[in-house]
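Chains as they are written, first to last, in the working numbering: chain C, 2 to 332; chain D, 2 to 332.
Beta carbons: idealized from backbone N, C-alpha and C, even for Gly.
Everything numeric in this text was worked out from a predicted model, so none of it was measured.
Below is one structure, written out as structure tokens, with a few remarks after it.
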């Protein structure tokens, strides 16, 4: 099996690459070729016996998508996007990359198939940003998309295109809407959602972190390991079971900031919790108030997608996968 | 006020032009200029005192949208589209006209505004084809879009784009999803939905008509006069009341084929009803089974959009507006 990952240099792309390289298979199929593409050339995975090609390419450039699908990969993971803040600040760039880039990819696949039959699996990472407030307490599988960002608009359009290209038989697509990833590894960043990870990751390494909202704020989470599980399951599941409705909110864990902190206390102790400094920030409070808090994802659950059990598990996954099994404070 | 109608040569476009020309105003504003565009040059309305420009133009050609908005019309009605059957048969043409054409228009408006401030009202005719079966008995204002045609996909994407361009302040947009127009004037055509109108229009003129489905089939209707009412109301309503949710299913009349026929009997008598020949057609039965039957349009109703009262009214509107007040059979 030949797998193409577009957006392979990002956090999720690197973890997916590592997982596929380490397993050497996707479901029952042996992976003998990995093509890893991103705007900067992705790293080559170390533990992989097959062929690896790494490519620096901008999907939004004419011809880029055509060159990526020319080798007819069996499964394509399309993770590439510019993030919400950048798409909001740069209207043209957001549409060029997040809409046109995806459309070029779909169209390149179709054109391959018009030459000789070709119908690859396409797994696309969409976002809960396709939803816009006001929300019901739990967003169900039939709630409408009224995004309040250009990023969410672009993802919602990509979902519609993927569904239509699938319905017409040009590819076998699925769009999965990832929850907010937590604990996100790396350094604190300026994303408005960054604090959800910062208040765990930093204290676990003995560092201070700032909490800009109150502890009763509720949000929707998945660990990086759960996210990779969603992707590999989406890459192997019989998609005929989805019928024509190919876009799914993934099962996450709905939890409050207070529940995050209690889990941190149980696992890393009071000294870790004391590293969280509460500094209310009205700008972030207002942004977060417009975000989804909870979902009813019964379709995805029935199809075998699995959420994290609780925040204790989410923290332990971070300690196992990023900290070599040891928290740095309070232990 | 300068009004631009794109798609002015179609059935709805011609009726909207006649209405605006006859009234000489839209809401409280005097209409002093009409620009009428379509792929073939629209007719010039007779009863209008202001300036009329008619233009033959293909919105999907580069530069076409820019030239249309260069004169900075105050209100734009965008009715142009290729129909569902053609968009399904010709994938590239459907996307070129129904998606790219609309996007060019939105972008041309934005580019005008980037030069000097410009924020026109844009009224866009979307379609209930944005919804795909299976449906609830009544589709409410928050039901999701899972179109089962490329046409419906293109309209759903246009809705998302219009909403985002509105949210960003580039224009003041509203998308209205029209019910099936009935009684559609003109000759019987090959559209799968044609029989809903044929079984009334033809007998009212003393002609036979074929009914390919059973009389218990339920569907969602608006008269041409109601549709023009939706458009003019959308052109004058304070759209700030819609917030960021700019796409609305219009209130229609949910009725069965049997109810259509009973109204025909009341108005035109048994001799008219006898002109309907029941010839079941499994292809049409299957297509129609996938169509919406009823909606809960409480948002549109609260905003002042008005449905037809019953099928008797729908038939009388046809007799008044198309037959000079006299039915040709059974009277």
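1. By a C-beta neighbour count over all protein chains shown, 10 Å radius and 16 as the cutoff for buried, is residue 202 of chain C buried or exposed?
2. Flag this pair as touching only if the region 313-328 of chain D and the region 263-278 of chain D have three or more C-beta atom pairs under 8 angstroms; answer yes or no.
3. When burial is assigned at 16 or more other CB atoms within 10 Å of the CB, is residue 115 of chain C buried or exposed?
4. My understanding is that residue 163 of chain C touches residue 247 of chain C, with C-beta atoms under 8 angstroms, so please give their C-beta distance in whole angstroms.
5. Using a C-beta cutoff of 7 angstroms, does residue 158 of chain D count as contacting chain C?
6. For residue 68 of chain C, does the count of other Cβ atoms within 10 angstroms reach 16, so buried, or fall short, so exposed?
7. Okay, do the region 230-237 of chain D and the region 125-139 of chain C touch, 3+ Cβ pairs below 8 angstroms being the bar?
8. Identify the contact partners of residue 133 of chain C in chain D, using a Cβ-Cβ distance below 7 angstroms as the criterion.
9. Chain C partners of residue 169 of chain D, CB-CB under 8 angstroms?
10. From the beta carbon of residue 67 of chain C, is the nearest beta carbon of chain D less than 7 angstroms away?
11. Hey, is residue 147 of chain D's beta-carbon within less than 7 angstroms of any beta-carbon in chain E?
12. Taking 8 angstroms as the limit between beta carbons, can you name the residues of its chain near residue 27 of chain D, skipping five residues before and five after?
13. Give me the chain C residues within the contact set of residue 106 of chain D, using Cβ-Cβ distance strictly less than 9 angstroms, ordered along the chain.
14. Could you check whether the Cβ of residue 282 of chain C sits closer than 7 angstroms to any Cβ belonging to chain D?
15. May I have the straight-line CA-CA distance separating residue 206 of chain C from residue 182 of chain C, to the nearest angstrom?
16. Which bits of chain D does residue 296 of chain C rub up against, with CB to CB less than 7 angstroms?
17. What is the DSSP secondary structure of residue 73 of chain C, reduced to helix, strand or coil?
18. Residue 4 of chain D lies in the beta strand (DSSP E); which residues open and close that run?
19. Decide if the region 256-265 of chain C is in contact with the region 185-193 of chain C; the criterion is three or more beta carbon pairs, one per stretch, under 8 angstroms apart.
20. Could you tell me the distance, in whole angstroms, from the CA atom of residue 12 of chain D to the CA atom of residue 165 of chain C?
21. Measuring alpha carbon to alpha carbon, tell me which of C/44, C/51, C/108 ends up nearest residue 57 of chain C.
22. Take the Cβ of residue 103 of chain D as the centre, count every other Cβ of all protein chains shown within 10 Å, and call the residue buried at 16 or more, exposed below.
23. Leaving out the 5 sequence neighbours to the left and right, which residues in its chain are closer than 8 angstroms to residue 332 of chain D when beta-carbon positions are compared?
24. What are the boundary residues of the beta strand (DSSP E) that includes residue 174 of chain C?
25. If you measure from the beta carbon of residue 47 of chain C to each beta carbon in chain D, is any gap under 7 angstroms?
26. From the DSSP secondary-structure annotation, give me the bridge partner or partners of residue 125 of chain C.
27. If we require 4 or more residues per run, which alpha helix (DSSP H) segments fall completely within the region 161-236 of chain D?
28. Under 7 angstroms between C-beta atoms, does residue 324 of chain D make it to chain C?
29. Is the region 148-158 of chain D touching the region 203-223 of chain D, taking contact as three or more C-beta pairs under 8 angstroms?
30. Between which residues of its own chain and residue 173 of chain D is the CB-CB distance below 8 angstroms, once the five residues before and five after are set aside?
31. So, is the C-beta of residue 205 of chain C closer than 7 angstroms to a C-beta in chain D?
32. Which stretch, first to last residue, makes up the beta strand (DSSP E) that contains residue 39 of chain D?
33. Once you ignore the five residues that flank residue 134 of chain D on each side, which residues in its own chain have a CB closer than 6 angstroms to its CB?
34. Along chain D, in chain order, which residues have C-beta atoms closer than 9 angstroms to that of residue 144 of chain C?
35. Taking the CB atoms as reference points, tell me whether residue 144 of chain C and residue 79 of chain C lie closer together than 7 angstroms.
Considering the structure as presented:
1. Around the beta carbon of residue 202 of chain C, 16 or more other beta carbons sit within 10 angstroms, so the residue counts as buried.
2. A contact exists between the region 313-328 of chain D and the region 263-278 of chain D.
3. Counting Cβ neighbours within 10 Å, residue 115 of chain C comes out exposed, since fewer than 16 surround it.
4. In this structure residue 163 of chain C touches residue 247 of chain C by the C-beta definition: roughly 6 angstroms separates them, less than 8 angstroms.
5. It does: the Cβ of residue 158 of chain D has a partner Cβ on chain C nearer than 7 angstroms.
6. Per the 10 Å Cβ criterion, exposed.
7. No, the region 230-237 of chain D does not touch the region 125-139 of chain C.
8. Listed along chain D, the residues sitting closer than 7 angstroms to residue 133 of chain C by beta-carbon distance are 245.
9. Under the 8 angstroms cutoff, chain C gives 92, 151.
10. It does not: the Cβ of residue 67 of chain C has no partner Cβ on chain D nearer than 7 angstroms.
11. The structure shown has no chain E; the protein chains it does contain are C and D.
12. Close CB contacts of residue 27 of chain D within its chain, under the 8 angstroms cut and outside five residues either way in sequence, are with 2, 4, 21, 76, 233, 236, 237 (chain order).
13. Within chain C, no residue comes near residue 106 of chain D; the closest Cβ sits about 15 angstroms away, beyond 9 angstroms.
14. Among the residues facing chain D, residue 282 of chain C is not included, as its CB has no counterpart in that chain under 7 angstroms away.
15. If I take the Cα positions, the gap works out to 19 angstroms.
16. Under the 7 angstroms cutoff, chain D gives no residues; its nearest Cβ is about 13 angstroms from residue 296 of chain C.
17. DSSP places residue 73 of chain C in coil when its eight states are reduced to three.
18. Note, residue 4 of chain D: beta strand (DSSP E), 3-7.
19. Contact between the region 256-265 of chain C and the region 185-193 of chain C is not established, with fewer than three Cβ pairs separated by less than 8 angstroms.
20. Rounded to whole angstroms, residue 12 of chain D to residue 165 of chain C spans 28 angstroms at the Cα level.
21. Residue nearest to residue 57 of chain C within the set C/44, C/51, C/108 is C/44 (criterion: CA-CA distance).
22. Residue 103 of chain D should be labelled buried.
23. Its pLDDT being 41, under 50, residue 332 of chain D is placed unreliably by the model, and the measurement read from it follows with that caveat. The residues are 269, 270.
24. 173-179 is the extent of the beta strand (DSSP E) around residue 174 of chain C.
25. No, no contact with chain D.
26. Residue 125 of chain C is bridged to C/79, C/176.
27. Taking 4 residues as the shortest admissible run, the region 161-236 of chain D contains the following complete alpha helix (DSSP H) segments, listed from N- to C-terminal end: 195-205.
28. So, not an interface residue.
29. As far as the Cβ criterion goes, the region 148-158 of chain D does not touch the region 203-223 of chain D, which means the pair count is below three.
30. Excluding positions up to five away in sequence, the list reads 120, 121, 122, 123, 167, 240.
31. Output row for residue 205 of chain C: interface = no.
32. Counting along the chain, the beta strand (DSSP E) containing residue 39 of chain D begins and ends at 34-39.
33. The residues 291, in chain order, have a CB closer than 6 angstroms to that of residue 134 of chain D in the same chain once the five nearest residues on each side in sequence are set aside.
34. Taking a Cβ-Cβ threshold of 9 angstroms, the residues of chain D close to residue 144 of chain C are 143, 144, 145, in chain order.
35. Taking 7 angstroms as the cut-off, the beta carbon of residue 144 of chain C is found no closer than this to the beta carbon of residue 79 of chain C.
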